[in-house]
Every structure is written in structure tokens, then in C-alpha cells.
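Here the numbering used here is used: position 73 in the sequence shown is 1298, and no number is missing along the way.
Notes for the one structure printed next.
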Amino acid sequence: MAVYLLHFETPYRHAQHYVGFTEDLEARLERHRAGNGARLLEVVTQAGIAWELVRAWPRGSRELERAIKRAGHSPRLCPVCNPEGCWRMRRGEDGRSRGAAGAGGCGAGDRG
Ligand SMILES: [Zn+2]
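See below:
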């Protein structure tokens, strides 16, 4: 199970991110690419807007998904929109980020 964050190349209306939850991330992304799986992705794909997977929480839960959505955390958690953000936690050491607690764990960089 995983929670994942997609970043749209161009905002669609007011949305530039999609947060989802899946048991099979690869299969889910395939479906999104085909324009299936989520209504927002469907219209975004139809509008010709490119998107990419920018983050994933491999052990994420639906609670995390909801917390991110509800709190509007997406841009802050997005490495494209917020390259200086708290997501930069020791990547590369072992390919995993520390403190994978997720959305609520970051209080730093809270500007704007
Ligand atoms: Zn973004």
C-alpha cells in the first residue's frame, strides 16, 4: 500500500496535484496514464497536461492520504513546487527517507 503525490506540469483549474492511495502503485500509475482511475487525472490527461509522480510514501495509509488532502499539504510536500522543503530528508543514503511519518511531521519551512 502506498500514498503517492502527482504533480501536474500545468495547473488544471486550481489543482496542480493529485494525492492518491493504492495497493499497487505501478498498476495505478499505468491506469492514470491511460486516463483511468481517478476523475481528476482523467480530465487532466484529456486536457493534455503532463504529470509526474513526484513522491510516494510506500507505507502510507488512507489516513495519510486524507491528512494531506485535508490540510492542503500537497504543494508543500511536492519537491517540484517546494524544492527547499522538508521532504529533503537524507535521500540517497539508502533510498529511503527518514522520518517517514509523513505529512504531519514537518513544521519547518513554513513560509508563504
Ligand atoms: Zn508540485
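Glycine residues also receive a C-beta, built at the ideal position from the N, C-alpha and C atoms.
In its chain, beyond the 5 residues on either side, no residue has a beta carbon closer than 8 Å to the beta carbon of A1252. DSSP, reduced to helix, strand and coil, places H1232 within a strand of the structure shown.
Assignment of beta-bridge partners to H1242 by DSSP yields H1232. A direct Cα-to-Cα measurement between T1247 and V1228 gives close to 6 Å. H1239 is not a Cβ neighbour of S1299, given a cutoff of 8 Å. Proximity of the beta carbon of V1244 to ligand 1 is not indicated: no heavy atom of the ligand is located closer than 7 Å. For L1250, the closest alpha carbon among the candidates R1287, A1281 and L1302 is that of A1281. Shortest Cα-Cα distance from W1276 to any of C1303, A1296, R1284 and I1293 involves C1303.
Taking 7 Å as the cut-off, the C-beta of P1308 does not count as close to any heavy atom of ligand 1.
If you look at A1296, you'll find it isn't in any beta strand (DSSP E); it sits in the alpha helix (DSSP H) that goes R1287 to A1296. In this structure, L1266 lies away from G1273, with their beta-carbon atoms at least 8 Å apart.
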